[in-house]
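*Asks:* Here's a structure for you.
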Amino acid sequence: MNKKNGLATIMAIFLSAVSSFSMSTYAIDTTKDPNGDGVLNLNDAVYLLQYLAGVIEPTDYSELDVNNNGIISNVDYLEILYYDAYNSTGGEVI
Ligand SMILES: [Ca+2]
Ligand SMILES: [Ca+2]
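Shown next as structure tokens:
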């Protein structure tokens, strides 16, 4: 995958995620840590997006399924974004 196609793939995943996401799907397991650095934050969303785009191969796939529904998808990605936004504002918005 070249850089241009990779970026297009990432944008397609992002737009698909945004259009299909609803708050009713928000059920994140905050013990998950996709990139394994000890904290769940925006870097994990980027890591998950890279996986969905086929750029990386995770060492522990179970950590990427942050809503524990058995599927690693763009919904997991968006739930990390919402969780990170919620935490970064002191829990005032979600
Ligand atoms: Ca992490
Ligand atoms: Ca999932």
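Counting in our numbering, the sequence shown runs without a single skipped number right up to 1572 at its last residue.
We put the beta carbon where it would ideally sit given N, CA and C, even for glycine.
Note that the structure is predicted; figures quoted are calculated from it, not measured.
1. Under DSSP, the alpha helix (DSSP H) around M1560 begins and ends at which residues?
2. Taking the C-alpha atoms as reference points, what is the distance between Y1561 and T1509?
3. Say the cut is 7 Å; is the CB of N1521 nearer than that to a heavy atom of ligand 1?
4. I believe I1506 touches V1544 by the beta-carbon criterion, under 8 Å. Please report the beta-carbon distance rounded to the nearest angstrom.
5. Does the separation of the CB atoms of K1550 and Y1564 fall below 8 Å?
*Replies:* So, to answer that:
1. The count along the sequence shown starts at 1 and reaches residue 1560 at position 82. The amino acid at residue 1560 is misidentified as Met; the sequence shows Tyr. Per DSSP, Y1560 belongs to the alpha helix (DSSP H) from 1552-1566.
2. If you number the sequence shown from 1, residue 1561 lands on position 83. If you number the sequence shown from 1, residue 1509 lands on position 31. Answer to the nearest angstrom: the Cα atoms are 12 Å apart.
3. Counted from its first residue, the sequence shown places residue 1521 at position 43. At least one heavy atom of ligand 1 is nearer than 7 Å to the Cβ of N1521, so yes.
4. Here residue 1506 refers to the residue found at position 28 of the sequence shown. Here residue 1544 refers to the residue found at position 66 of the sequence shown. Indeed, because the Cβ distance is near 5 Å, the residues count as touching under 8 Å.
5. Stepping through the sequence shown from its first residue, residue 1550 is reached at position 72. Stepping through the sequence shown from its first residue, residue 1564 is reached at position 86. Reading off the sequence, residue 1550 comes out as Ile, not Lys. No, they are not a contact pair.
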